[in-house]
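Inspection log for the structure reproduced underneath, given as structure tokens.
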Amino acid sequence: MPVSPSLHGCPSAPRQQGGILLKLLLGLVILLLIGAALLFKLRPELFAMLQTTPAIPAPSTAQAPVEKPKPIVPPSDSRQLVQAVLLSSENVLGELMARADQVYKKPQSQLFEGSVSNPCTAPTKASGTFYCSKNKTLYIDLGQLQQLQADYPAEGAVAQAYLIMRSVSQHASAQTGLYAHFKIAQQIAGKGKDSDELKLRFNLLKDCFTGVWAGYARKRLDWLEERQLGPALIAANVVTQSRLQQDSTSQWPEPISHGTSSQREYALKLGFTSGDPKSCDPFIRP
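FYI, in the working numbering the residues of the sequence shown are 107 to 392.
Given below as structure tokens:
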């Protein structure tokens with residue numbers, strides 16, 4: 107049952123092409139494709155593209171987006187926390203992409219409880235917090251977030267932010283073209299081990315990009331502490347799996363079941379401590 111039709115509208119600023127960040131992310135997806143031998147046989151020209159992909163300077167602490175004032179504690183209300191996280195994502199991603207001559211276009215967003223209809227899972231309804239690329243909309247499951255806060259009061263806020271920002275990271279990946287290349291790679295790899303490995307690598311990239319955001323966002327949201335990242339991941343996984351088992355009628359686009367808990371934590375902390383999207387190497391393993 108939808109609770110709120112939209113929190114955000116898409117800005118009208120046109121997308122700028124050819125930015126360095128776009129080339130960086132395309133370079134990352136090419137690295138991701140290295141894991142599929144079949145892809146090299148069918149698309150050898152991608153490796154040549156990799157050799158010409160320029161890097162961007164790592165963001166320094168002095169260049170980090172400035173956000174004031176700093177709240178001491180996270181919002182206790184999940185709706186307010188959603189607003190704080192989405193506002194921070196606009197500031198941080200907007201700043202990072204502006205440095206690469208790109209314009210960040212924020213997604214639409216919809217709050218709901220229980221399940222929701224959307225074009226990415228139609229005709230089946232979906233549950234959990236996820237992103238639908240067909241209509242560029244974040245679907246944020248308030249029930250999932252509120253249960254996290256109730257069951258895990260210490261790390262619940264960080265866990266909620268993690269779920270929200272994984273979906274925002276997918277939106278940013280779609281905007282820069284990374285997600286489209288991932289889908290092409292999956293089609294080429296077909297079903298089986300290679301396709302599963304590509305999906306794992308892409309999900310870990312989203313974790314790492316989420317960590318990059320958190321590293322900047324703590325300048326204002328100082329409740330985003332590194333020591334809570336691991337417990338927050340555990341909390342998000344436990345609550346999501348519990349709700350998934352109780353709901354056999356809906357799809358769960360983001361079940362948070364990719365890889366191992368150590369892989370997810372490593373990817374998240376890698377982005378958090380580096381503050382640099384270049385650090386999100388899809389082949390680095392803990």
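C-beta atoms are modelled at their ideal positions from N, C-alpha and C, and glycine is treated no differently.
The structure presented is a predicted model; accordingly, all values stated were derived computationally and were not measured.
Any idea which residues DSSP pairs phenylalanine 236 with across the strands?
Tyr245
Does the beta-carbon of lysine 312 have 16 or more other beta-carbons within 10 angstroms, so that it is buried, or is it exposed?
buried
Leucine 144 to lysine 211 span [Cα, whole Å]:
The predicted position of leucine 144 is uncertain, since its pLDDT is 39 and thus under 50; no value can be drawn from it.
Thinking just about the alpha-carbon of each residue, which of Gln266, Thr235, Thr366 is nearest to the one in glutamate 303?
Thr366
Answer yes or no: do serine 356 and lysine 240 have a C-beta to C-beta separation smaller than 8 Å?
no
Unbroken alpha helix (DSSP H) run spanning tyrosine 268, endpoints:
262 to 282
Would you give the residue range spanned by the alpha helix (DSSP H) that glycine 317 belongs to?
299 to 323
Any idea what DSSP makes of leucine 128, helix, strand or coil?
Low local confidence applies: a pLDDT of 46 at leucine 128 is under 50, so the model's placement there is unreliable, with the coordinate-based value given in what follows. Residue state, collapsed to three classes: helix.
Output needed for cysteine 238: all residues of its chain with C-beta closer than 7 Å, excluding positions within five of it in sequence on either side, in chain order.
Asn224, Pro225, Cys226, Tyr245
Neighbourhood of arginine 149 by C-beta, 6 Å cutoff - its chain only, sequence neighbours within 5 removed
Confidence in arginine 149 is poor, its pLDDT being 42 and thus under 50, which makes the residue's placement too unreliable to answer from.
For cysteine 314 and glycine 377, which I take to be in contact (beta-carbon distance under 8 Å), what is that distance rounded to the nearest angstrom?
4 Å
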